[in-house]
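Protein chains in written order, with this note's numbering: chain A, 467 to 807; chain B, 6 to 265.
Even glycine gets a Cβ: it sits at the ideal position worked out from N, Cα and C.
Each remark here refers to the structure printed beneath this line.
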């Protein structure tokens, strides 16, 4: 279907634009998958899915992992992965609690300390991966334990209540609806626009694509590969802290286990969104839409009357099928065989 | 040296006693090399003679071993890097092309030197239209594959090389380094490339031209360096040596390592 435009006019020797399908194929695909799933849920459970409440619930919970997925998209495009962000969520939120609840500092100082912590964690990951050239899949498992361990030691394994009376500003920023609109999704939109602009309209973003595509070529043309990767990991650190604070405030309580259960949702959002496992291609729009699809699967499966044990099954199917399809499409574009050999 | 006659200004680039060692392998050793303003310099040598290592050292991709010096327009440069070299006006067509194949042509064309608007954001629109103009006007490409939004992976070998060459020439560099630029090109594309090199000289700019094909190199260059096993085996101005003599001595150097 996508080759039809080229096959029908082999003799014409004029410069032609690639078809819309080829350029935006993966993004259109993910939007299609999202709409189809929505239809299925509507038919299967009309009472639930014709009611506004379920959408409000999605809009409040999906951004908690989706915001990190936006930043993780950058790291995956550079051809790396970060598995330590759940621990960064917790460590950043813990530093906020230490500064404000134990240290008595005002909330805004706590925010600065929390984000600085996230930036440092990301920078550390980036240093190990880019400067020391260690495979990110391995080393971020290590730093994940490191950050989590540090947080548990600092907090002595205890939680901190984050009530609206004690932290009115934090609740206004991260939880209370903005003129009736779920503020979590408002943040997701704002940070989505920031991430889109960063990826598509800045030199940093351009270099993210180049580094993930062919590191040697990028270096030969003067791109600072180490700096690009370190900045991508730092972005994940910052966004992870944002999500960690949002999640904690949403629950009115900081749990020392914050971030657990976020790993797969977040990574799935990035891959389902069409960002390539091999690096070099990916999109923020895809990640954004995929976040809400992932968020809907859980609630959708349950409210459609299917046994909750099926959630993981559906979840796994969606990830495996999307990554396999995306790989096959990519090989087809490059004219390789189905197995890539 | 005969080229000293136009040494009124300092050479564009000069290497003094430059060596480069990878582990235990010394790829180039004690290289003295210079390119004067408006001069096309040919670099000949067998496979493994150190041509590409030298090019990558000139471009700042490899850092020379201690003791080697790189001078740009008479000034010694300490923190030499690819970005620095390009900033000073040196562009290269690498043997391995240095393209990012999953990216559209326009991203490749402006790789590392992306255009920005006055707000500091990428000027995607301008990069697209410039890439389209360059590919059709400069290289004369008309194939459907060379639309600026098309990814490089879908292009033919000659078209890919065309992108690499057009990219090097676009920035109007003072010094263009061409490492086997005619590799994989069709007859007419090769002719076009050689015309480009001749035009570099007409515009008063300089070039380093590396190719296996002496019949391509000899007609367009002013001066020649012959590299052998990482060392400069000889240097000639064109009036010192005829093409036949050159071929003869290249055979000799390949066998014995000596020019004479």
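Legend entry - Proximal residues to residue 549 of chain A (C-beta, below 6 Å), its chain only, five neighbours per side dropped: Position 83 of the first chain holds residue 549 of chain A. Contacts found: 606, 607 and 610.
Legend entry - Cβ neighbours of residue 223 of chain B in the same chain (closer than 7 Å, five flanking residues each side left out): Working through the second chain from its first residue, we reach residue 223 of chain B at position 218. Excluding the 5 residues flanking it on each side, residue 223 of chain B has same chain C-beta neighbours closer than 7 Å at 248 and 251, in chain order.
Legend entry - chain B contacts from the region 728 to 741 of chain A (Cβ-Cβ distance under 7 Å): Result list empty, no residue passes.
Inset, instruction - Show which residues of chain B have a CB atom less than 9 Å away from the CB atom of residue 675 of chain A. - result: Walking along the first chain from the start, residue 675 of chain A turns up at place 209. In chain order: 105, 107, 108 and 112.
Inset, instruction - Verify the CB distance criterion: does residue 519 of chain A have a CB-CB separation below 7 Å to chain B? - result: As a first step, residue 519 of chain A must be located in the first chain, where it is residue number 53. Not closer than 7 Å to any Cβ of chain B, the Cβ of residue 519 of chain A fails to qualify, so no.
Inset, instruction - Please decide whether residue 66 of chain B counts as near chain A, where near means a Cβ-Cβ distance under 7 Å. - result: Along the second chain, read from residue 1 onward, the residue named residue 66 of chain B stands at position 61. Using beta-carbon distances, residue 66 of chain B counts as an interface residue toward chain A, with a partner under 7 Å.
Legend entry - Euclidean distance between Cα positions of residue 687 of chain A and residue 573 of chain A: As a working mapping, residue 687 of chain A is identified with position 221 in the first chain. As a working mapping, residue 573 of chain A is identified with position 107 in the first chain. Going by the C-alpha atoms only, they are around 45 Å apart.
Legend entry - residue 177 of chain B versus residue 214 of chain B - alpha carbon distance: For the purposes of this step, residue 177 of chain B is taken as residue 172 along the second chain, with counting starting at 1. For the purposes of this step, residue 214 of chain B is taken as residue 209 along the second chain, with counting starting at 1. So the two alpha carbons sit approximately 16 Å from each other.
Inset, instruction - Please state if the CB of residue 544 of chain A and the CB of residue 677 of chain A are separated by a distance shorter than 7 Å. - result: In the first chain, residue 677 of chain A corresponds to position 211, counting from 1. In the first chain, residue 544 of chain A corresponds to position 78, counting from 1. Taking a C-beta distance under 7 Å as the contact criterion, residue 677 of chain A and residue 544 of chain A qualify as a contact pair.
Inset, instruction - Could you please tell me which residues of the region 682 to 701 of chain A, in chain order, have their CB closer than 9 Å to any CB of chain B? - result: 682, 683, 684, 685, 686, 687, 688, 689 and 690
Legend entry - C-alpha gap between residue 132 of chain B and residue 495 of chain A, whole angstroms: Against the second chain, residue 132 of chain B aligns to sequence position 127. Against the first chain, residue 495 of chain A aligns to sequence position 29. Cα-Cα distance, rounded: 28 Å.
Inset, instruction - Check whether the Cβ atoms of residue 789 of chain A and residue 497 of chain A sit closer than 7 Å, and answer yes or no. - result: As a working mapping, residue 789 of chain A is identified with position 323 in the first chain. As a working mapping, residue 497 of chain A is identified with position 31 in the first chain. Cβ atoms of residue 789 of chain A and residue 497 of chain A: not closer than 7 Å.
Legend entry - For residue 568 of chain A, the residue or residues it bridges with in DSSP: One-based indexing of the first chain puts residue 568 of chain A at position 102. None; residue 568 of chain A has no bridge partner.
Inset, instruction - With DSSP as the reference, label residue 80 of chain B as helix, strand or coil. - result: Walking along the second chain from the start, residue 80 of chain B turns up at place 75. Look at residue 80 of chain B here: in three-state DSSP terms it is strand.
Inset, instruction - For residue 61 of chain B, collect the residues of the same chain with a Cβ closer than 6 Å to its Cβ; drop the 5 residues on either side in sequence, then sort them by chain order. - result: As a first step, residue 61 of chain B must be located in the second chain, where it is residue number 56. Around residue 61 of chain B: 67.
Inset, instruction - Determine, using beta carbons only, whether residue 626 of chain A comes closer than 7 Å to chain B. - result: Mapped onto the first chain, residue 626 of chain A falls at position 160. Answer no: the Cβ-Cβ gap between residue 626 of chain A and chain B never drops below 7 Å.
Legend entry - 7 Å CB neighbourhood of residue 225 of chain B in its chain, flanking five on each side removed: In the second chain, the residue the question calls residue 225 of chain B occupies position 220. Correct list, in chain order: 45, 199, 202, 203 and 214.
Legend entry - Any C-beta of chain A under 7 Å from that of residue 55 of chain B: As a working note, residue 55 of chain B is residue 50 in the second chain. Output row for residue 55 of chain B: interface = no.
Legend entry - DSSP three-state assignment for residue 52 of chain B, whether helix, strand or coil: Your numbering for residue 52 of chain B matches position 47 in the second chain. Here residue 52 of chain B sits in coil by DSSP.
Inset, instruction - Evaluate residue 260 of chain B with the Cβ neighbour count: other Cβ atoms within 10 Å of its Cβ, from every protein chain shown; 16 or more gives buried, anything less gives exposed. - result: On the second chain, position 255 is the one that residue 260 of chain B refers to. Counting Cβ neighbours within 10 Å, residue 260 of chain B comes out exposed, since fewer than 16 surround it.
Inset, instruction - Would you kindly check if the distance between the Cβ of residue 560 of chain A and the Cβ of residue 617 of chain A is under 7 Å? - result: The residue you call residue 617 of chain A lines up with position 151 of the first chain. The residue you call residue 560 of chain A lines up with position 94 of the first chain. In contact: residue 617 of chain A and residue 560 of chain A (Cβ atoms closer than 7 Å).
Legend entry - Runs of alpha helix (DSSP H) lying entirely within the region 689 to 749 of chain A, each at least 4 residues, in chain order: Qualifying alpha helix (DSSP H) stretches, in chain order: 691 to 716 and 729 to 738.
Inset, instruction - For residue 500 of chain A, I'd like the list of residues in its chain whose CB is within less than 6 Å of its CB, leaving aside the five on either flank, ordered along the chain. - result: Here residue 500 of chain A refers to the residue found at position 34 when the first chain is read from its first residue. Closer than 6 Å at the Cβ level, and outside the excluded window around residue 500 of chain A, lie 755 and 759.
Inset, instruction - Run the CB neighbour count on residue 511 of chain A, radius 10 Å, all protein chains shown included, and call it buried at 16 or more, exposed below. - result: Within the first chain, numbered from 1, the residue matching residue 511 of chain A stands at position 45. Under this definition residue 511 of chain A is a buried residue.
Inset, instruction - Residues of the region 744 to 759 of chain A with a CB closer than 7 Å to any CB of chain B: list them in chain order, please. - result: 746 and 747
Legend entry - Minimum Cβ-Cβ distance from residue 798 of chain A to chain D less than 7 Å: In the structure shown, chain D cannot be found, because the protein chains are A and B.
Legend entry - Residues of its chain near residue 58 of chain B, where Cβ-Cβ distance is below 7 Å and the 5 sequence neighbours each way are ignored: As a position in the second chain, residue 58 of chain B is number 53, starting the count at 1. So the list reads 25, 32, 33 and 67, once near-sequence residues are dropped.
Legend entry - Rounded C-alpha distance that separates residue 194 of chain B from residue 187 of chain B: Here residue 194 of chain B refers to the residue found at position 189 when the second chain is read from its first residue. Here residue 187 of chain B refers to the residue found at position 182 when the second chain is read from its first residue. Answer to the nearest angstrom: the Cα atoms are 8 Å apart.
Legend entry - Under 8 Å by beta carbon: chain B residues contacting residue 606 of chain A: For the purposes of this step, residue 606 of chain A is taken as the residue at position 140 of the first chain. The contacting residues do not exist; residue 606 of chain A stays about 24 Å from chain B at best.
Inset, instruction - Check whether the Cβ atoms of residue 535 of chain A and residue 757 of chain A sit closer than 7 Å, and answer yes or no. - result: Reading the first chain from its first residue, position 69 is the one you call residue 535 of chain A. Reading the first chain from its first residue, position 291 is the one you call residue 757 of chain A. Yes.
Inset, instruction - State the DSSP-derived secondary structure class of residue 260 of chain B, mapped to helix, strand or coil. - result: Within the second chain, residue 260 of chain B is the residue found at index 255, counting from 1. Helix, per DSSP.
Inset, instruction - Note down, in chain order, every chain B residue with its Cβ under 8 Å from the Cβ of residue 669 of chain A. - result: Position 203 of the first chain, counting from 1, holds the residue named residue 669 of chain A. Simply 119, 121 and 127.
Legend entry - Nearest candidate by alpha-carbon position, reference residue 14 of chain B, set B:41, B:30, B:129 and B:22: Here residue 14 of chain B corresponds to residue number 9 of the second chain, with the count starting at 1. The shortest C-alpha separation from residue 14 of chain B is found at B:41.
Legend entry - residue 126 of chain B versus residue 664 of chain A - alpha carbon distance: Position 121 of the second chain holds residue 126 of chain B. Position 198 of the first chain holds residue 664 of chain A. Whole-angstrom Cα-Cα distance: 9 Å.
Inset, instruction - Return the chain-ordered list of same chain residues with a C-beta closer than 8 Å to the C-beta of residue 185 of chain B, the five sequence neighbours on each side being excluded. - result: Indexing the second chain from 1 puts residue 185 of chain B at position 180. Counting only Cβ-Cβ distances below 8 Å, and skipping sequence neighbours, we find 100, 215, 216 and 217.
Inset, instruction - Alpha carbon to alpha carbon, how far is residue 632 of chain A from residue 792 of chain A? Give it in angstroms, no decimals. - result: Taking the first chain and counting its residues from 1, the one referred to as residue 792 of chain A is at position 326. Taking the first chain and counting its residues from 1, the one referred to as residue 632 of chain A is at position 166. Answer to the nearest angstrom: the Cα atoms are 48 Å apart.
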